[in-house]
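Take 900 as the starting number for the sequence shown in the numbering used here and just add one per residue.
Note that the Cβ used here is the ideal one computed from N, Cα and C, for glycine as well.
This report refers to the structure that appears directly beneath it.
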Amino acid sequence: MVTGVEYWEERGVKFIDRRHTYVAEGIEIGPGSIIYPNCHLEGKTKIGREVTLEPGAIIRDSQIEDGVTIKAYSYIEDSVIRKKSVIGPFARIRPGTDLGAESKIGNFVEIKKSKLDKGVKVSHLSYVGDAEIGEDSNIGCGFITCNYDGKNKHKTLIGKGTFVGSNSQTVAPVEIGDRCFIASGTTVTNDMPNESFAISRGRQKTKEKLAKKFLK
900 MVTGVEYWEE RGVKFIDRRH TYVAEGIEIG PGSIIYPNCH LEGKTKIGRE VTLEPGAIIR
960 DSQIEDGVTI KAYSYIEDSV IRKKSVIGPF ARIRPGTDLG AESKIGNFVE IKKSKLDKGV
1020 KVSHLSYVGD AEIGEDSNIG CGFITCNYDG KNKHKTLIGK GTFVGSNSQT VAPVEIGDRC
1080 FIASGTTVTN DMPNESFAIS RGRQKTKEKL AKKFLK
């Protein structure tokens, strides 16, 4: 069983600070990968070729394919990250997640037990749980899959090429088709057929000069 930083350095892996990097016994790392300080590689983790692990990344029992970048202080457990994806910084990938090639998971995003196809973007401040999201869909800031009803977990299905606006929610179980558009601030409770548009935002009322009453 192979182990240790020195073993992998001899096989083309670059460690920026070997004294502050933890590589558990049995880990596999492809040549050309760069590992920054304070990274922890644990369990049955496999790291592909030309992977970059920025400082503080923790990866446990996961498969990281070629060309992936894991940005600083991201946590990945029992998941698959496919080729050329970018994760983080400060992302949490929980067990049972499969992220497609060239996907982008940004800062303060949590993904749990979900499958995202190629090119999906969830760029910031979102929770995706028990979901499937189709190729090239874009998920806006502050999106939440409401997957738990107090007793059971339910699935959210989102098709290909769909745009989900910021501060939106899906109340599972719900299915959203291909090439749909969900306006910002919308709560989706019903299924949406392909190429449909959803909006459930309260109408804005503007009352001139009333602000001074509240700003005394």
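Q) Is it buried or exposed for Glu1094, if we count other Cβ within 10 angstroms and need 16 for buried? A) exposed
Q: State the Cα-Cα distance for the pair Ser984 and Phe1113, rounded to the nearest angstrom.
A: 47 Å
**Q.** Cβ neighbours of Gly1060 in the same chain (closer than 8 Å, five flanking residues each side left out)
**A.** Gly1033, Glu1034, Asp1035, Ser1036, Asp1077, Arg1078
Q: Go through its chain and collect everything with a Cβ distance to Met900's Cβ below 7 Å, but skip five positions before and after it.
A: Its pLDDT being 46, under 50, Met900 is placed unreliably in this model, and the value from its coordinates should be taken loosely. Cβ neighbours of Met900 beyond the five flanking positions: Glu924, Gly925.
(Q) Within a Cβ cutoff of 6 Å, which residues of the same chain sit near Thr951, ignoring the five residues on either side of it in sequence? (A) Ile933, Thr968
Q.
If we require 3 or more residues per run, which beta strand (DSSP E) segments fall completely within the stretch 1036 to 1071?
A. 1043 to 1045, 1055 to 1057, 1068 to 1070
Q: Can you tell me the Cβ-Cβ gap for Ser1128 and Thr1085, rounded? I've got them flagged as a contact below 8 Å.
A: No statement about residue 1128 is possible, as the shown extent of the chain runs from 900 to 1115 and does not include it.
(Q) Excluding the 5 residues flanking Ile957 on each side, which residues of the same chain have their C-beta closer than 6 Å to its C-beta? (A) His939, Tyr974
(Q) Since Asp997 and Val979 should fall inside the 8 Å C-beta cutoff, what is the C-beta to C-beta distance between them, to a whole number of angstroms? (A) 5 Å
Q.
If you measure between the beta carbons of Ile1038 and Ile1010, is that distance less than 8 Å?
A. No; because the gap between Cβ atoms is not below 8 Å, this pair is not in contact.
Q) Quick one: what does DSSP say Arg918 is sitting in, helix, strand or coil? A) helix
Q) Residues in its own chain within less than 6 Å of Ser1002 by CB, not counting five upstream and five downstream? A) Apart from the 5 residues on each side of it in sequence, Ser1002 sits with its Cβ closer than 6 Å to the Cβ of Ser984, Leu1015, Val1019 in its chain, given in chain order.
**Q.** Same chain, Cβ closer than 8 Å to Asp965, neighbours up to 5 away in sequence not counted
**A.** Gly929, Gly947, Arg948, Glu949, Val950, Lys982, Lys983
Q: Ignore the nearest five residues each way along the sequence and tell me which others in Tyr1026's own chain have a CB closer than 6 Å to its CB.
A: Glu1009, Ile1043, listed in sequence order.
Q) Mapping DSSP to helix, strand and coil, what is Glu964? A) Here Glu964 sits in coil by DSSP.
Q.
Can you check which of these residues, Lys970, Lys945, Gly955, Ala971, is closest to Glu961 by C-alpha distance?
A. Correcting the residue identity first, residue 961 is Ser in this sequence and not Glu. When only C-alpha atoms are compared, the closest one is Lys945.
Q.
Can you find the residues in the same chain that come closer than 7 Å, C-beta to C-beta, to Val904, ignoring five residues on each side of it along the sequence?
A. Phe914, Arg917, Thr920, Val922
(Q) Per the DSSP calculation, Thr1086 is bridged to which residue(s)? (A) Gln1068
Q: Could you tell me which residues DSSP pairs with Val1027 in its beta bridges?
A: Ile1010
Q) Alpha carbon to alpha carbon, how far is Ile1057 from Gly987? A) 22 Å
**Q.** Cα-Cα separation between Glu1107 and Pro954, rounded to whole angstroms
**A.** 51 Å
(Q) Quick check on the burial criterion: 16 or more other C-beta atoms within 10 angstroms. Buried or exposed for Ile1098? (A) exposed
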